[in-house]
Amino acid sequence: MHTSGSGEALPRGLNIPLIMCCDLNSLPDSGVVEYLTNGRVASDHADFQSLKYHGFLQRFMDKKGNHVSPSGSHVSHPFNLASVYDGIEMPFTNFTYDFTGIIDYIMYTKDLLAPLGVLGKIEDKWLSEHKIIAYPHPHFSSDHIPLLTELEIVADQRQ
């Protein structure tokens, strides 16, 4: 039996560390981020905009090994994910003339990995001194800032 860093038994196949580097185009309070970080989202979440996704989600999730509750009230997944930037001040990952917000993430399985550090935010003072009001810019070739982390494995995967 494989165990997590906290000593709990993991179901077969969930003992492999997972790292997701993603441009989700979704803010931290979105259903997408809620689904990934909480392991579940209500099937009537506001992001579904009252569209009838239940039948699609039921078929899709059953084929992928994830779960739709019997009542159809929520969709879940078995991974225990977190963002490496949880608790770290990061005012934005995307900075354009008409939008500034967090839409990029590095997610990891928190039972199996631990962040050792992250690349922090770009200082407001530096942006002001260089008169940067949006990206892309000659100093930043993308409208997204780079995200970087160093992770360590906290569970012995050979057990």
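Residue numbers (the working numbering): 3 to 161. Cβ coordinates follow ideal geometry from the N, Cα and C atoms, glycine included.
Only counting the same chain, and skipping five residues up and downstream in sequence, which positions put a Cβ closer than 8 angstroms to that of residue i?
i	result
Ser144	Tyr137, Pro138
Ser32	Leu26, Asp49
Arg160	Confidence at Arg160 is low in this model, with a pLDDT of 47, below 50, so its placement is unreliable and the value that follows should be read with caution. No residues qualify anywhere along the chain.
Give the range of the beta strand (DSSP E) segment to which residue i is assigned.
i	result
Asp31	Looking at the DSSP string, Asp31 is not in any beta strand (DSSP E), and its letter there is neither H nor E.
Ile108	106 to 111
Gly89	It is not in any beta strand (DSSP E) - Gly89 carries neither H nor E in the DSSP assignment.
Asp25	21 to 25
His141	No beta strand (DSSP E) holds His141; DSSP gives it neither H nor E.
Gly119	115 to 120
Ala44	42 to 44
Ser78	76 to 78
Ile155	151 to 155
Near residue i, what residues of its chain come up, given a Cβ to Cβ distance below 7 angstroms and the 5 sequence neighbours on each side ignored?
i	result
Pro93	Lys123
Thr39	Leu83, Ala84, Ser85
Asp126	none
Please report the distance separating the alpha-carbon of residue i from that of residue j.
i	j	result
Gly89	Val120	11 angstroms
Ile104	Glu152	20 angstroms
His146	Thr98	9 angstroms
Leu20	His79	13 angstroms
Ser45	Ser130	43 angstroms
Asp113	Val156	8 angstroms
First and last residue of the alpha helix (DSSP H) that includes residue i?
i	result
Leu129	126 to 131
In chain order, what residues of the same chain have a beta carbon less than 6 angstroms from the beta carbon of residue i, not counting five sequence neighbours either side?
i	result
Ile108	Cys23, Val86, Leu149, Thr151
Val35	Ser28
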